[in-house]
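The next block holds one structure in the form of structure tokens; read it before the comments.
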């Protein structure tokens, strides 16, 4: 039998949320063990599109997004790397007058958060962005939003947590979880045991099984965003792009590759997902219409990942409704990369203070109680 | 799942693919044969464009008989199969293959699939390898067979493997001046391989004939050679002007205007990966290869693997494996096949595998390559990643697996998706971490298998 590791806090999941929490908890002097099934930042935290935007988020999420925005601004100081983070500006494109109207309405509704949104009409948007196709009739620009490289940022947060003294254990899948009324007892597949009075459930799309182990059912389902990347192109797109009403999203990395997303992929096994050829070619068609420069480019790679979605498109953040000391942070519905830093900070505050300085009441797991209805994966929960 | 209504599909029209298609036709099916090249033959029996008049003897030398046989078979088959030349299979999901043909996209469903995707050179970079005028051995051979061109007028051929001597012989015979052959293998390696090679006298004889032909033409062969660097003309970096190597006689430099180099071959396995085939580490090829049974069945029902794309065993074995895989496909479709022929093919393939062991001994992998590679050596030319950058990802970020290293330092992330740098990157990473090559894993394949243009999705003008 291997020895038992004793800690103040055990964290399951080495994605951006779990690693950020580990980093914050070390700053508070807590003893932390982080257990990651594979490699830190190897799932959605490391393979997502890389958008770092607040614009377009649900209003109830904006306090969290604003807090994360501050943390993103101190990225190099926090993790020792800029992770290709750029406050390039994020443009949400309108393709119709109705799109413009809803962008205007969002600006009004989000005014108190001071996102600095600028509405651009047809002439203004094409003058600002001569590389946009004719179908664009306007847009909403958030100058301080931007993008970053997830495959650099997320592993670097875990490394920073380790450098700060967290005991980060990769390739350590948790196979047994129990709570004795005071303490959590975890056992990994390779025999490692951990006990701690606090447990953070940061297991992303797989967090439902951790919640279930403590009697909490959540209707968490996996979604697989389809993404692709071009060969490096001369720099032409200086903003990160989204489209009002959905469709593709796009950014150009510092090396010149255009990263594009749109549509859904499929799973190839319990842990991995892929883009479908149909979705890829649809995204290519839409992207070429929006960005004429791409008509002469090549796609060199596609990929996907698995993100946790909840039916109301809001995450679960906060204390368990069944087990004292258990804290959840999962189900970000594709928005976890931007908010992850702040969620980690909130979870650390909850450990230390028992309360969060950022409002999180809307994200309580209790909203799914007391009649838990687990939903089949893949069902469509869009905007109930 | 593959539909039994759809015709079987063969990917690759080299020796394995042509024999597979021939076997399917012989049993009354009309297969689809998809190939990236304009004309059948694969790399080994690549045909020149229509209208070129060099003889098969001039193009293929000792292999002319086999090349002719494959080409003639293909010609005879043309009316009985759906041949799609100039076509790339760039993705696959379920039974639907995604095609790129003449710049347009298309699909075809398969009712049983034989993957015969062949191999490319295994590239172990050396300083100066990206200078204009430095080619892989395979590319040097393609220039000669396809276009009747040599890569230069004073050519050095280097590396190791049977292809080294074949290309040298073909170049010398075609009238190019081969100023030297630099073989990484030593005479002792080749002596040690003799017992195994004696079991395949024809192959051994060919090897000896190539060697004799080089000697007769006064081509110097240096054995045990380790490439130090390729120098450029006047040091300007514009074109290769020299090669420097070390061997038992010390360090030497020769002037040249072109270099062809390679260290045996690596299998093209991306489609097998996208198809969901299980992979296993193969110590002989130092690579993860799709698992297959003696008949060529992969781990995925309805998917069969044949030729160098499944494991590098050479053209003769590829013909046998193509036929054997087709018989397996037919039997699995419930059709009657000649089981004694199937058993005979498996026996012949077994003998070819023994020969392959001998060749690997005669041309051993240079196990000291990763240790010798300097930090500043360019490893991944698509993404401009050096050996030192990969070592740094291993040392500072703890990358001990190939996909993680790719994520952190971009090695294998460019246009070729690791098809050319992946083998060398695995060697560097394993050495840097201090673990066996088997443990660094393999780069996961993602569609597209090769870059595809946005223009393919636009409606025709």
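Chains as they are written, first to last, in the numbering used here: chain A, 3 to 386; chain B, 7 to 467.
Where is the CB? At the ideal position from N, CA and C, for every residue including glycine.
Computed from a predicted structure; not experimentally measured.
* Return no unless some Cβ of chain A is closer than 8 Å to the Cβ of residue 246 of chain B. => With 8 Å as the cut-off, residue 246 of chain B does not count as an interface residue toward chain A.
* Could you work out which residue in B:51, B:319 and B:335 is closest to residue 3 of chain B when comparing CA atoms only? => No information on residue 3 of chain B is available, as it lies outside the stretch 7 to 467 that chain B covers here.
* Supposed close pair residue 148 of chain B, residue 260 of chain B - CB separation, criterion 8 Å -> Not confirmed; about 24 Å, so no contact.
* Asked: Apart from the five residues on each side of it in sequence, which residues of its chain come closer than 8 Å, Cβ to Cβ, to residue 309 of chain A?
  -> Once the five neighbours on either side are set aside, the close Cβ partners of residue 309 of chain A are 46, 50, 206, 207, 224, 225, 226, 227, 334, 335, 336 and 338.
* To do: Determine, using beta-carbon pairs with one atom in the segment 49 to 67 of chain B and one in the segment 347 to 360 of chain B, whether at least three such pairs fall under 8 Å.
  => Not touching, per the Cβ criterion.
* Asked: Taking the alpha carbon of residue 158 of chain A as the point to measure from, which residue in A:332, A:18, A:242 and A:307 has its own alpha carbon closest?
  -> With distances taken between Cα atoms, residue 158 of chain A lies closest to A:18.
* **Candidates A:256, A:113 and A:145, of which the one nearest residue 130 of chain A by Cα** => Cα-wise, what sits closest to residue 130 of chain A is A:145.
* Asked: Name the DSSP bridge partner or partners of residue 243 of chain A?
  -> Looking at the DSSP output, residue 243 of chain A sits in a beta bridge with A:93 and A:252.
* **Meets three-Cβ-pair contact criterion under 8 Å: the segment 67 to 75 of chain A and the segment 126 to 140 of chain A** => The answer is no - the segment 126 to 140 of chain A does not touch the segment 67 to 75 of chain A, with fewer than three Cβ pairs under 8 Å.
* Any residues in the segment 239 to 262 of chain A with a beta carbon nearer than 7 Å to a beta carbon of chain B? Which ones, in chain order? -> So nothing in the stretch comes that close.
* Asked: Residues of chain B with a CB under 9 Å from the CB of residue 166 of chain A: which are they?
  -> Taking a Cβ-Cβ cut-off of 9 Å, residue 166 of chain A has no neighbours in chain B, whose nearest Cβ is about 16 Å from it.
* Could you check if residue 155 of chain B is buried or exposed, using at least 16 other CB atoms within 10 Å of its CB as the buried criterion? => Counting of Cβ neighbours within 10 angstroms places residue 155 of chain B among the exposed residues, the total staying below 16.
* To do: Write down every uninterrupted run of the beta strand (DSSP E) in the segment 378 to 435 of chain B whose length is 3 residues or greater and which is fully enclosed by it, in chain order.
  => With a minimum length of 3 residues, the continuous beta strand (DSSP E) runs that stay inside the segment 378 to 435 of chain B are 384 to 386.
* Would you call the CB atoms of residue 132 of chain B and residue 296 of chain A closer than 8 Å? -> Their beta carbons are not under 8 Å apart, which means residue 132 of chain B does not touch residue 296 of chain A by this criterion.
* To do: Identify, in the order they occur along the chain, each residue of the same chain with its Cβ nearer than 6 Å to the Cβ of residue 140 of chain B, setting aside the five sequence neighbours on each side.
  => Taken in chain order, the residues that qualify are 236, 246 and 265.
* **Stretch-stretch touch, CB-based, cutoff 8 Å, three pairs: the segment 400 to 409 of chain B with the segment 443 to 451 of chain B** => Judged by pairs of C-beta atoms under 8 Å, the segment 400 to 409 of chain B touches the segment 443 to 451 of chain B, as three or more such pairs exist.
* In chain order, each alpha helix (DSSP H) run of at least 4 residues that lies wholly inside the segment 69 to 153 of chain B -> Along the length of the segment 69 to 153 of chain B, whole alpha helix (DSSP H) runs at least 4 residues long occupy 70 to 83 and 143 to 153, reported in chain order.
* Asked: Expressed to the nearest angstrom, what Euclidean distance is found between the alpha-carbon atoms of residue 8 of chain B and residue 420 of chain B?
  -> Reliability fails at residue 8 of chain B, whose pLDDT of 44 lies under 50, so the model's placement of it is uncertain and the value that follows must be treated cautiously. Approximately 32 Å, taken between the alpha carbons.
* To do: Check the Cβ of residue 48 of chain A against every Cβ in chain B and list those closer than 8 Å, keeping chain order.
  => Chain B residues near residue 48 of chain A: 413.
* Asked: What does a CB cutoff of less than 6 Å around residue 226 of chain B pick up in its chain, not counting 5 residues either side in sequence?
  -> Only 186 meet the Cβ criterion.
* **Every unbroken alpha helix (DSSP H) inside the segment 262 to 348 of chain A [4 residues or more]** => Taken in chain order, the unbroken stretches of alpha helix (DSSP H) that lie wholly in the segment 262 to 348 of chain A and span 4 residues or more are 279 to 292.
* residue 37 of chain B to residue 88 of chain B, Cα distance in whole Å? -> Using only the alpha carbons, I get a separation of about 6 Å.
* Roughly how many angstroms lie between the CA atoms of residue 311 of chain A and residue 270 of chain B, to the nearest whole one? -> Spanning the two alpha carbons is a distance of roughly 48 Å.
* Could you tell me which of B:204, B:97, B:387 and B:183 sits nearest to residue 357 of chain B, measuring between CA atoms? => Ranking the options by Cα distance to residue 357 of chain B, first place goes to B:204.
* To do: Quick one: using the 10 Å Cβ neighbour count with 16 as the cut-off for buried, is residue 430 of chain A buried or exposed?
  => Nothing can be reported for residue 430 of chain A: it is not among the residues displayed for chain A, which extend from 3 to 386.
* Asked: Of all Cβ atoms in chain A, is any one closer than 8 Å to the Cβ of residue 7 of chain B?
  -> Residue placement at residue 7 of chain B cannot be trusted, given a pLDDT of 42 that sits under 50; what the coordinates show is reported in the next sentence. No, residue 7 of chain B lies away from the interface with chain A (no Cβ there is under 8 Å from its Cβ).
* To do: Compare the C-beta of residue 285 of chain B with all C-beta atoms of chain A and state if any pair is closer than 8 Å.
  => With 8 Å as the cut-off, residue 285 of chain B does not count as an interface residue toward chain A.
* Neighbourhood of residue 155 of chain A by C-beta, 6 Å cutoff - its chain only, sequence neighbours within 5 removed -> Excluding positions up to five away in sequence, the list reads 85.
* Starting from residue 265 of chain B, follow the beta strand (DSSP E) in both directions and report where the run begins and ends. => Looking at the DSSP string, the run of the beta strand (DSSP E) that includes residue 265 of chain B is 264 to 269.
* In terms of residue numbering, what span does the beta strand (DSSP E) encompassing residue 102 of chain A cover? -> From DSSP, residue 102 of chain A is part of no beta strand (DSSP E) but of the alpha helix (DSSP H) over 99 to 111.
* What residue from A:52, A:62, A:98 and A:349 has the CA that sits closest to residue 88 of chain A's CA? -> Among A:52, A:62, A:98 and A:349, the Cα nearest to that of residue 88 of chain A is on A:52.
* Cβ shell of residue 451 of chain B (< 6 Å), same chain only, five flanking positions each side left out -> Excluding sequence neighbours, residue 451 of chain B sits near 276, 279 and 280.
* Whole-number beta carbon distance between residue 48 of chain A and residue 153 of chain A, since they are thought to touch under 8 Å -> The C-beta distance from residue 153 of chain A to residue 48 of chain A rounds to 5 Å, short enough to meet the 8 Å contact threshold.
* **DSSP three-state assignment for residue 174 of chain B, whether helix, strand or coil** => In the structure shown, residue 174 of chain B falls within a helical segment according to DSSP collapsed to helix, strand and coil.
* Test: residue 111 of chain B CB closer than 8 Å to a CB of chain A -> Contact with chain A is found for residue 111 of chain B, since one of that chain's Cβ atoms lies less than 8 Å from the residue's Cβ.
* **residue 75 of chain A, DSSP secondary structure in three states** => Looking at residue 75 of chain A - three-state DSSP - the assignment turns out to be helix.
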